[in-house]
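In what follows, a single structure is set out as structure tokens and then discussed.
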Amino acid sequence: MEVEFLGSFTRSNLPAGEYPEVCIIGRSNVGKSSFINKLVGRRNLARTSSTPGKTRTINMYVCDRRLVLVDLPGFGYAGVPQAERRRWAADIEHYIRSRETLQAVILLGDMRHFPLAIDIDAVEWLEALGKPFLLVLTKADKVKASGLARRQADIDGLIGGKAIESIRFSAKTGLGKKEVWNWIMRSLNA
Ligand SMILES: Nc1nc2c(ncn2[C@@H]2O[C@H](COP(=O)(O)OP(=O)(O)OP(=O)(O)O)[C@@H](O)[C@H]2O)c(=O)[nH]1
Ligand SMILES: [Mg+2]
């Protein structure tokens, strides 16, 4: 896959949308940047860190000159000064609400802990948006195989029995990569 870094933006300098976009949203440190790297098969394209709060701007990656993956700052990390967190939230909200080329949204949740209260807010907000919406349960490699089905059932119950499409993923093993790409391609053609 041919991938090009388009740049880092805030709500005040977003580029004109040239291709359909799919954005990745989720709590700080959940693995958004790692997810993008795994999807495009490039180890260090999006910068990752074991410390939350790594991605601070809206970062765009053009894939095969046909779609753009958008890496967003994380939400919910108390270790970032409040003014900074507000700016990120404003950037995210503005981008998601107003971006005409935004075709689909992927919410990442940590398979071990999803959903925290803030995740439930995100699910409700994103569902109301009316665009194709996928839940990716990441870090699945950290859940013991024997606990996977149980965890999945708990998650399904906790998000209120809503029929939200979800895919288990691991940036470490590549689990779910093919399924995520299939979902992206379907949602772009929808
Ligand atoms: N084991 C495992 N570790 C992961 C996985 N995905 C991400 N990580 C690790 O989790 C940490 C955070 O990953 P990032 O991709 O930087 O997370 P992020 O959501 O972009 O974080 P912010 O930009 O700070 O919001 C890093 O140490 C990653 O190596 C996964 O699927 N499995
Ligand atoms: Mg990041």
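Take the sequence shown: its position 34, counted from the start at 1, is 21 in this note's numbering, and no numbers get skipped.
Ideal Cβ positions, reconstructed from N, Cα and C, are used throughout, including at glycine.
Being a predicted model, the structure only gives us computed values, none of them experimental.
When Glu5, Thr(-3), Leu89 and Asn16 are compared, the shortest CA-CA separation from Asp97 is found for Asn16. Val57 and Leu124 have their C-alpha atoms roughly 18 angstroms apart. A straight-line Cα-Cα distance of about 9 angstroms links Arg86 and Leu1. With a 10 Å radius around the Cβ and a threshold of 16 neighbouring Cβ atoms, Ala115 comes out exposed. Placement of the Cβ of Asp58 at a distance of less than 7 angstroms from at least one heavy atom of ligand 2 is found. Look at Phe22 here: in three-state DSSP terms it is helix. In this structure, the alpha-carbon of Ala136 lies about 36 angstroms from that of Glu(-11). Within a 10 Å sphere around the beta-carbon of Ile93 sit 16 or more other beta-carbons, which makes this residue buried.
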